[in-house]
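The numbering used here applies: residue 24 is where the sequence shown begins, and numbers increase by one.
Glycine included, each C-beta is placed from N, C-alpha and C at the ideal position.
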Amino acid sequence: MTFLRTRGARSAFPRTIRWRLTLLYSGLFIVAGTLLLAITYILVSRTTPGHPLHRSVEMPDLPGAEKGLHKMIDEQVDVARDEQLHDLLVQSGFALAGMAAVSLLLGWLVAGHVLSPLRTMTAGARRISADNLHERLAVGGPDDELKALADTFDALLARLEDSFAAQRQFVANASHELRTPLTLQQAVIDITLSDPIADKTALREALGRVRSAGQQQERMIDSLLTLARSQRGLQRQEYVDLAVLVQGLLPVGTSLRIDTRLESAPVLGDAQLLERLVSNLRDNAVRHNVPGPDGSWISLRTGLRDGRPTLRISNSGPAIPPDQVAGLFRPFRRLGPDRVRGNDGGQGLGLSIVAAVAAAHGGEVRAWPRPEGGLDVEVNLPSAVEPYPPKIPA
């Protein structure tokens, strides 16, 4: 029963902001008016002389009858003063009650005028959905708090629109990338089955091509899972030294000249994601390089810059237009003839995974083309909050 009474009392209380503002305005007016009347009453009661005859004129000693007359006059004056103060109090109370009613009406009108832009924003926000994120509130008027709120909401809609567009593009690209090996597998199987004279050699060759396409799909799915995992944030943390990590992932079996300068760069993060970051940068530097043993090289640097762990990888390679560098970190973006699908095993997700892993660790990735060709990529990560390696208690 207590719960029901409390719930009923809450539902009876006005819940709209307009009503609450109206009651707030009226309440403040009534409090201020009551204080003003109280101060006025006190001042009037203190300034009214209690004995006007005695205070205005120095009265000589009078006979007893005359003293009684003056006493009676004083009593009449006191009674008149009390009646005036009572009339003042009653009339002021009626005036305060009338002004309180007027303040309710004025408060209701003022609150409605103040909240009018908010109602407009609410109606506009209800019309906006995932299908019309291009619409904006576009509230005009003075540059006040409500307009700042509307502008912030419009900026949020712009970011959501970009995010939805990027998501749709990502899904379309991923579907295309996954459909291509499936189409290839289906074509190889259909051609082999339709050949009535296919022998063991032809079947083995067809199975090999199907297996290669399946491995390509597996690499694609693994890259997509890694990208999704890094975008979710860090699930576990441990101390990792980028120098040790890079040392264990140096390219092998390549004719490229490898130049290293590895200094300690401790990071508190996910070891598997950091390993994927380094391996993706390594593979990108090896894959997009100038062919030939003479002019091909890769440079790897680790260390601390301004107290932050830093990894920098540079490589020789073809010239890259500066306006296309930022696009390399978007999913399924390739340059030149590799824009659709590379023949070198690239999935178009390597650098986007690098950017996602760096962001998950609170770091950033910067890249700029080299004037003579190739790319410089630098990853800056937050410094470890504790000494590295952690001390083992005795």
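Item	Value
DSSP state of S246 mapped onto helix, strand, coil	helix
Collapsed DSSP secondary structure at E168 in the structure displayed	helix
Per DSSP, cross-strand counterpart(s) of W391	D399
In chain order, each beta strand (DSSP E) run of at least 3 residues that lies wholly inside the segment 227–289	261–264 and 280–285
Length-filtered (4 minimum) alpha helix (DSSP H) runs lying within the segment 123–166	none
Range of the contiguous beta strand (DSSP E) that encloses R331	R331 to N338
Minimum C-alpha distance to T45 - residue among A134, D306 and M122	A134
Stretch-stretch touch, CB-based, cutoff 8 Å, three pairs: the segment 211–218 with the segment 338–349	no
Counted within 10 angstroms of its Cβ, other Cβ atoms place Q107 as buried (16 or more) or exposed	exposed
H384 classed as buried or exposed, judged by whether at least 16 other C-beta atoms fall within 10 angstroms	buried
Counterpart residues of L291 in DSSP-defined beta bridges	Y262
At least three beta-carbon pairs within less than 8 Å, the segment 386–398 to the segment 331–339	yes
Spatial distance of Q254 from R43 (CA atoms)	43 Å
Beta bridge counterpart(s) of I321 as assigned by DSSP	I281 and N338
Proximity of T283 and V309 at Cβ, strictly below 8 Å	no
Given L323 as reference, the closest of E228, A288, G50 and A229 once Cα atoms are compared	A288
Assigned secondary structure, G326 (DSSP; H/G/I helix, E/B strand, else coil)	strand
Distance CB(T325)-CB(L296) smaller than 8 Å	no
Meets three-Cβ-pair contact criterion under 8 Å: the segment 166–175 and the segment 129–147	yes
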